[in-house]
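J.: Note that the sequence shown ends on residue 230 in full-length UniProt numbering; no numbers are left out.
All C-beta atoms, glycine included, are put in the ideal place defined by N, C-alpha and C.
Bear in mind that the values here come from a model prediction, so they are computed numbers and not experimental data.
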Amino acid sequence: MTPVIEFAGVARTYPGPPAVHAFKSCDLVVNRGEYVTVIGPSGSGKSTFLNLVGLLDRPSDGVFRLDGIDTGSLTERRRTALRGHRIGFVFQSFHLLQHRSAVENAALALLYTGTSRRRRRALAVETLQRVGLGHRLHSPAGLLSGGERQRVAIARALLGEPSLLLCDEPTGNLDSTTAENILGLLDELHQDGMTLLVVTHDAQVAARAERTLVIKDGVLNEQRPNGVLR
């Protein structure tokens, strides 16, 4: 089986002076269907790691393969295409158009793929129903609850059938009950075979995954099985 994420000596240094070693050399494999969380204090390197995995930044050193593709050899145009087809992003702040409906927001994921408008809409409806939002298809995002907006964001991320769902603090703006519902949805997606990588500061969120990666001072220094994180 080809790993979804494969780091071989990946590091990120920002030039100075002085140079900042934001993410230090790391080997990592995340296989298809795994549920992995990433935890660490503020300033630890989580955002740098997220940007590297999400193809928003390039490593200074090492090789990053996504679905077996060496991303370092790609032009920016091909990296953008790979990111659009293979990675679904879910952010803490939802990033929805407030005056557009849930269907319209979700369908935006396929806007530049050559998919017809009718097909985009049909797929958006189907995916929103999958995440439990079939009853709010035509509601403007600005009138949805926080949990509903995050479900729209997850539906949008899933619409292109990505290899990887990359979540950055997906429950950070939600109350505890709503957060639990969203985490339950992520559990369901994992059970359906989705590969999940969730960046969080919350140890309880991290403990739901099969595996937790811990970043401190730019070093991915521990990998712990679910339930062992302290």
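Just to confirm my understanding: we take T127, look at its own chain, exclude 5 residues before and 5 after, and list those with CB closer than 7 Å. What are they?
T.: For the purposes of this step, residue 127 is identified with residue 127 of the sequence shown, where counting begins at 1. Result list for T127: A106, A155, L158 and L159, in chain order.
J.: Using a Cβ-Cβ cutoff of less than 6 Å, which residues in the same chain neighbour T13 once the five nearest sequence positions on both sides are dropped?
T.: Along the sequence shown, read from residue 1 onward, the residue named residue 13 stands at position 13. A19, H21 and S60, listed in sequence order.
J.: On the DSSP letters alone, give me the boundaries of the beta strand (DSSP E) that G62 sits inside.
T.: In the sequence shown, the residue the question calls residue 62 occupies position 62. From DSSP, the beta strand (DSSP E) with G62 extends over D61 to L66.
J.: Roughly how many angstroms separate the alpha carbons of E6 and V30, rounded to a whole number?
T.: The sequence position of residue 6 within the sequence shown is 6, counting from 1. The sequence position of residue 30 within the sequence shown is 30, counting from 1. Their backbone Cα atoms lie some 7 Å apart in a straight line.
J.: Short of 7 Å in beta carbon distance, which residues of its chain neighbour V228, apart from the five on each side in sequence? Order them along the chain.
T.: Working through the sequence shown from its first residue, we reach residue 228 at position 228. At V228 the pLDDT is 46, less than 50, meaning the model places this residue with poor confidence and gives no usable figure here.
J.: To the nearest angstrom, how far is the alpha carbon of P15 from that of V103?
T.: The residue labelled residue 15 in the question sits at position 15 within the sequence shown. The residue labelled residue 103 in the question sits at position 103 within the sequence shown. Looking at the two C-alpha atoms, the distance is approximately 43 Å.
J.: Can you tell me the Cα-Cα spacing of V10 and L108, whole angstroms?
T.: The residue given as residue 10 occupies position 10 in the sequence shown. The residue given as residue 108 occupies position 108 in the sequence shown. Rounded to whole angstroms, V10 to L108 spans 32 Å at the Cα level.
J.: When you compare only the Cα positions, how much space is there between C167 and L197?
T.: Counted from its first residue, the sequence shown places residue 167 at position 167. Counted from its first residue, the sequence shown places residue 197 at position 197. One C-alpha to the other measures close to 6 Å.
J.: Write down the C-beta distance between F23 and G45 rounded to the nearest angstrom, noting that I regard them as a contact closer than 8 Å.
T.: In the sequence shown, the residue the question calls residue 23 occupies position 23. In the sequence shown, the residue the question calls residue 45 occupies position 45. The Cβ separation is near 5 Å, so the contact holds.
J.: Taking Cβ to Cβ, would you say residue 276 is nearer than 7 Å to A206?
T.: Examination of residue 276 is not possible in this model, given that the chain is present from 1 through 230 alone.
J.: Can you give me the Cβ contacts of P162 inside the same chain, cut-off strictly under 8 Å, excluding the 5 residues immediately before and after it?
T.: The residue given as residue 162 occupies position 162 in the sequence shown. H85, R86, I87 and G88.
J.: Sorted by chain position, which residues of the same chain lie with C-beta nearer than 7 Å to R100's C-beta, five sequence neighbours on each side aside?
T.: Here residue 100 refers to the residue found at position 100 when the sequence shown is read from its first residue. Excluding positions up to five away in sequence, the list reads P140 and A141.
J.: Do you know offhand how far H95's Cα is from A153's?
T.: Within the sequence shown, the letter at position 95 stands for residue 95. Within the sequence shown, the letter at position 153 stands for residue 153. Cα to Cα, the separation comes out at about 8 Å.
J.: Please check the pair R211 and E76, which I expect to be a contact at CB under 8 Å, by giving their CB distance rounded to whole angstroms.
T.: For the purposes of this step, residue 211 is taken as the residue at position 211 of the sequence shown. For the purposes of this step, residue 76 is taken as the residue at position 76 of the sequence shown. Contact flag wrong, Cβ pair sits at about 31 Å.
J.: So, using beta-carbon positions, are T171 and G147 closer together than 7 Å?
T.: Residue numbering aside, residue 171 sits at position 171 when the sequence shown is read from its first letter. Residue numbering aside, residue 147 sits at position 147 when the sequence shown is read from its first letter. It is not a contact, given that the beta carbons lie outside the stated cut-off.
J.: Given a cut-off of 7 Å, decide if L133 and R149 are closer than it, judged by their beta-carbon atoms.
T.: Residue numbering aside, residue 149 sits at position 149 when the sequence shown is read from its first letter. Residue numbering aside, residue 133 sits at position 133 when the sequence shown is read from its first letter. Contact: no.
J.: Which ranges does the alpha helix (DSSP H) cover as unbroken runs of at least 4 residues, wholly within the stretch 165 to 226, from first to last along the chain?
T.: If we require 4 residues or more, the alpha helix (DSSP H) runs fully inside the stretch 165 to 226 come out as 176 to 191 and 203 to 206.
J.: If you check the beta carbons only, do M194 and L165 fall under 7 Å apart?
T.: Residue mapping note: residue 194 aligns to position 194 of the sequence shown, counting from 1. Residue mapping note: residue 165 aligns to position 165 of the sequence shown, counting from 1. Yes, Cβ-Cβ distance for M194 and L165 is below 7 Å.
J.: Is it the case that the Cβ atoms of T200 and T48 are separated by a distance below 7 Å?
T.: Numbered from 1 along the sequence shown, position 200 holds the residue referred to as residue 200. Numbered from 1 along the sequence shown, position 48 holds the residue referred to as residue 48. No, the pair does not count as a contact, with Cβ atoms beyond the cut-off.
J.: Might you give, ordered along the chain, the residues of its own chain that have their beta carbon closer than 6 Å to the beta carbon of H138, omitting 5 neighbours on each side?
T.: If you number the sequence shown from 1, residue 138 lands on position 138. So the qualifying residues of the chain are S101.
J.: Check for me: the beta strand (DSSP E) holding S47 runs from which residue to which?
T.: Residue mapping note: residue 47 aligns to position 47 of the sequence shown, counting from 1. Taken as a continuous stretch (DSSP letters only), S47 belongs to no beta strand (DSSP E), being part of the alpha helix (DSSP H) at K46 to V53.
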